[in-house]
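First up is the structure itself, then whatever we jot down about it.
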Amino acid sequence: MNEPWVVVVIAGIICVIASWLVKEPKHSLNMTKEIEEAFDLVAANLEEENRELIRSITQMRNEFERRNENLEIRTISLEKRMDDLSTELRNVLMLQLQKETEKGYGNSVSTVQQNTLDRDSTKVPPQAAIVNLPDETESIVERSVGLKNRYSELFQLYRQGKSIEQIAKKLGINKGETALIIQLAKQEEEGRA
């Protein structure tokens with residue numbers, strides 16, 4: 585290894601490697617700086633997109649809350665209207681039922697009045713007249729069973745498991761009226777029990 589050309593070649597290789605190593609950090613610094621700038625740009629873009637997304641979500645939430653509030657107000661209004669109509673329908677049906685009961689009761693009243701006249705003419709003691717009254721009221725109650733008799737087709741469909749909407753559609757009457765008739769019949773049965 586004493587030959588000078590080997591020393592020169594080795595020295596040249598060392599110089600080339602040294603110069604290459606010295607240039608590498610400079611190139612690496614530029615690349616690192618470019619990567620940092622790219623990351624900053626991506627981060628800025630993501631931050632702007634996040635702001636836009638937050639604005640959109642906030643706007644959608646406000647719109648949803650406004651619509652929800654309007655729907656709640658409308659629901660409350662419709663429920664109140666439905667309650668009013670249901671009450672009105674119940675009153676009309678009760679009035680009809682009362683009129684029909686009074687028709688039957690009117691016949692009973694005339695019978696009671698006739699019994700009273702007969703009692704007065706025959707001088708029946710007042711206790712006997714009181715005993716006759718419960719029989720008359722029982723016949724009135726029996727006549728008021730009319731709901732199930734008057735609406736037999738409705739109750740037949742109801743016993744078959746048909747829904748109130750199906751019954752109302754088939755019979756051509758209002759759903760509220762159908763529900764009310766069924767409810768009144770249930771109350772009537774509970775009242776007798």
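Numbering (the numbering used here), first residue to last: 585 to 777.
We put the beta carbon where it would ideally sit given N, CA and C, even for glycine.
Query raised in the report: Which residues bound the alpha helix (DSSP H) around N733?
Result: G730 to R734
Query raised in the report: Taking buried to mean at least 16 other C-beta atoms within 10 Å of its own C-beta, is A622 buried or exposed?
Result: exposed
Query raised in the report: For T762, which residues of its own chain have a beta-carbon under 6 angstroms away from its beta-carbon, when the five flanking residues on both sides are left out?
Result: I748, I751 and A752
**Report entry** CB-CB length for R760 against L669, believed under 8 angstroms
**Finding:** Here residue 760 is Gly; the residue named in the question, Arg, does not match the sequence. Confirmed, Cβ separation roughly 6 angstroms.
Query raised in the report: At what residues does the alpha helix (DSSP H) containing I757 begin and finish?
Result: First-last for I757: undefined, no H or E at that position.
Query raised in the report: Taking just the CA atoms, how far does L768 sit from G730?
Result: 11 angstroms
Query raised in the report: If we count the other Cβ atoms within 10 Å of its Cβ and call it buried at 16 or more, is L738 buried or exposed?
Result: buried
Report task. Under the assumption that R741 contacts K754 (Cβ atoms under 8 angstroms), give the Cβ distance between them as a whole number of angstroms. Result -> The residue you asked about is not Arg; residue 741 is Leu in the sequence shown. With 8 angstroms as the limit, L741 and K754 qualify as a contact, their Cβ atoms being about 7 angstroms apart.
Report task. Measure the alpha-carbon distance for T682 versus E774 and round it to whole angstroms. Result -> Position check: residue 682 holds Gln in this sequence, whereas Thr was assumed. Using only the alpha carbons, I get a separation of about 18 angstroms.
Query raised in the report: DSSP on Q643, reduced to helix/strand/coil?
Result: helix
Query raised in the report: Can the beta-carbon of L764 be found closer than 8 angstroms to that of R674?
Result: yes
Query raised in the report: Out of curiosity, what's the CA-to-CA distance linking R639 and R645?
Result: Here the C-alpha atom of R639 lies approximately 10 angstroms from the C-alpha atom of R645.
Report task. Determine the burial state of W589: buried for a count of at least 16 other Cβ atoms within 10 Å of its Cβ, exposed for fewer. Result -> With fewer than 16 Cβ atoms within 10 Å of its Cβ, W589 is classed as exposed.
Query raised in the report: Quick one: what does DSSP say G745 is sitting in, helix, strand or coil?
Result: In the three-state reduction of the DSSP assignment, G745 falls in the coil class.
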